[in-house]
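Okay, so here's the structure we're looking at.
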Amino acid sequence: MGSQESFIQIKPNVWKWTVNRREYSVKKYDSLDTAHKIRRIHHHLASVNFPHTLPLFDVKDENTIVQPWVSSAKPANFANRNERQLSLGAIRSLHQTSDVINWEEKSYLKNYDVRHKWKERLQRYIVHQKEIAGIIGEKEAESIRFYAENALERLKKTVPNNKECTLLHGDVVHHNFLKQGDEVILIDFDLACLGPEEVEMALWMHRVLPHVDYRVEFLLEEQSDLKFKDPSYMFLLLYPNELLREWLYIISLPNIKRQQLIPRLKLFTAKALTSWPKLWYDVEKIVRRSI
């Protein structure tokens, strides 16, 4: 009998490929450099038996990445304490591979400058601020800008420019952590880069804090791995990154899709802005206590 084969498109560049009852994830890249980067990262991680990735299969098309499709795995739920711990553990394990792999010498990895990226994001927000204010109100839109500008000013004065770097995953959103039993698999290394480990820990906290009512001290006490060697990186938490990114995303959508998402984002924004003064106070207190 011939082979039974099917392709189901999941995203514009992602397919679920089934052949003879075996399932694979197929991802096609426009950038050959990105596909090569992902292959090299997986090769180096496999060489040290890193447990939190899926294998890659050899294919003729260099722009295509093929991996097993894990039907039994689900995206991590950051509202769940155990899944927060598992996802953070996977990220910390990734960073610690710098003990055996010199990531800084890998020419295919670019340095991640979080302050530069956030400055550009704020500039884009300012361009669209009037449009966003028409949705959430002038006071709310200006508050987001106020916190962002003041956070960048604080980071310019406190966060060091030069620090030992390691491999960063680059996109620690919940759906890039696949939970399978008591294990977590990291997927989608498209944005992988070099940077201080504290930067990615802070970015992970940005994603998680809304699920714990922005209680920084609670999260630090809950997760023993959340230890910043340099406490000044805690100031990264002051930048309202999630708000800026989500509002810039929503105004890029067609009007029908935008209207579907606006009510939830308005609630998210209201909760964040209400919580930000205490978040700022708590971070200041934690950093002073740590110095």
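Heads up: the sequence shown is residues 1 to 291, going by UniProt numbering.
All C-beta atoms, glycine included, are put in the ideal place defined by N, C-alpha and C.
Can you find the residues in the same chain that come closer than 8 Å, C-beta to C-beta, to residue i, ignoring five residues on each side of it along the sequence?
{"i": "histidine 42", "result": "Thr53, Pro55, Leu56, Phe189"}
{"i": "valine 283", "result": "Val216, Met234, Phe235, Leu237, Leu238"}
{"i": "threonine 34", "result": "Asp190"}
Hey, how far is the Cα of residue i from the Cα of residue j?
{"i": "alanine 73", "j": "tryptophan 204", "result": "20 Å"}
{"i": "glycine 84", "j": "arginine 207", "result": "A quick correction: the sequence has arginine, not glycine, at residue 84. One C-alpha to the other measures close to 10 Å."}
{"i": "glutamine 259", "j": "glutamate 104", "result": "44 Å"}
{"i": "aspartate 225", "j": "glutamate 183", "result": "17 Å"}
{"i": "leucine 261", "j": "serine 47", "result": "43 Å"}
{"i": "valine 89", "j": "leucine 122", "result": "One detail in the question is off: residue 89 reads as glycine in this sequence, not valine. One C-alpha to the other measures close to 31 Å."}
{"i": "alanine 148", "j": "phenylalanine 78", "result": "24 Å"}
{"i": "phenylalanine 268", "j": "leucine 244", "result": "12 Å"}
{"i": "glutamate 222", "j": "asparagine 241", "result": "23 Å"}
{"i": "histidine 169", "j": "aspartate 30", "result": "20 Å"}
{"i": "serine 143", "j": "lysine 179", "result": "36 Å"}
{"i": "phenylalanine 177", "j": "glutamate 5", "result": "28 Å"}
{"i": "tyrosine 249", "j": "histidine 116", "result": "19 Å"}
{"i": "glutamate 153", "j": "tyrosine 24", "result": "46 Å"}
{"i": "proline 75", "j": "lysine 271", "result": "24 Å"}
{"i": "tyrosine 108", "j": "lysine 139", "result": "43 Å"}
{"i": "glutamine 9", "j": "valine 19", "result": "15 Å"}
{"i": "glycine 134", "j": "glutamate 120", "result": "22 Å"}
{"i": "leucine 253", "j": "alanine 141", "result": "19 Å"}
{"i": "valine 14", "j": "phenylalanine 7", "result": "10 Å"}
List the endpoints of the continuous beta strand (DSSP E) containing residue i.
{"i": "threonine 64", "result": "64 to 68"}
{"i": "isoleucine 41", "result": "Element bounds for isoleucine 41: not the beta strand (DSSP E) but the alpha helix (DSSP H), 32 to 47."}
{"i": "leucine 261", "result": "Taken as a continuous stretch (DSSP letters only), leucine 261 belongs to no beta strand (DSSP E), being part of the alpha helix (DSSP H) at 255 to 290."}
{"i": "glutamate 183", "result": "183 to 186"}
{"i": "tyrosine 168", "result": "In the sequence as displayed, the identity of residue 168 is leucine instead of tyrosine. Unbroken beta strand (DSSP E) run through leucine 168: 166 to 168."}
{"i": "leucine 194", "result": "193 to 195"}
{"i": "phenylalanine 177", "result": "177 to 180"}
So what's residue i in DSSP terms, helix, strand or just coil?
{"i": "serine 71", "result": "coil"}
{"i": "arginine 21", "result": "coil"}
{"i": "valine 159", "result": "coil"}
{"i": "glutamate 5", "result": "strand"}
{"i": "valine 172", "result": "coil"}
{"i": "lysine 16", "result": "strand"}
{"i": "asparagine 82", "result": "helix"}
{"i": "residue 292", "result": "The shown model of the chain, from 1 to 291, leaves out residue 292, and the question about it has no answer."}
{"i": "lysine 139", "result": "helix"}
{"i": "phenylalanine 189", "result": "coil"}
{"i": "phenylalanine 50", "result": "coil"}
{"i": "asparagine 111", "result": "strand"}
{"i": "phenylalanine 57", "result": "strand"}
{"i": "isoleucine 91", "result": "helix"}
Tell me where the alpha helix (DSSP H) around residue i begins and ends.
{"i": "valine 114", "result": "114 to 136"}
{"i": "tyrosine 249", "result": "241 to 250"}
For residue i, which residues of its own chain have a beta-carbon under 6 Å away from its beta-carbon, when the five flanking residues on both sides are left out?
{"i": "tryptophan 247", "result": "Ile132"}
{"i": "histidine 211", "result": "Phe78, Ala79"}
{"i": "lysine 37", "result": "Tyr108"}
Report all residues from its chain with a CB closer than 7 Å to the CB of residue i; omit the five preceding and five following residues, and keep chain order.
{"i": "isoleucine 136", "result": "Lys266, Thr269"}
{"i": "threonine 126", "result": "In the sequence under discussion, the amino acid at residue 126 is isoleucine, which differs from the threonine named in the question. If we look at isoleucine 126 and ignore the five residues flanking it on each side, its Cβ neighbours are Arg145."}
Any heavy atom of the ligand FMN within a distance shorter than 6 Å of the CB on residue i?
{"i": "tyrosine 112", "result": "The ligand FMN is not among the ligands present in this structure, which contains no ligands whatsoever."}
Exercise. Can at least three beta-carbon pairs, one atom from the stretch 94 to 107 and one from the stretch 210 to 222, be found at a separation below 8 Å?
Worked result: When C-beta atoms of the stretch 94 to 107 are compared with those of the stretch 210 to 222, fewer than three pairs fall below 8 Å, so the two segments do not count as touching.
Exercise. Are at least three pairs of beta-carbons, each pair with one atom in the stretch 153 to 170 and one in the stretch 57 to 73, less than 8 Å apart?
Worked result: The stretch 153 to 170 vs the stretch 57 to 73: no contact.
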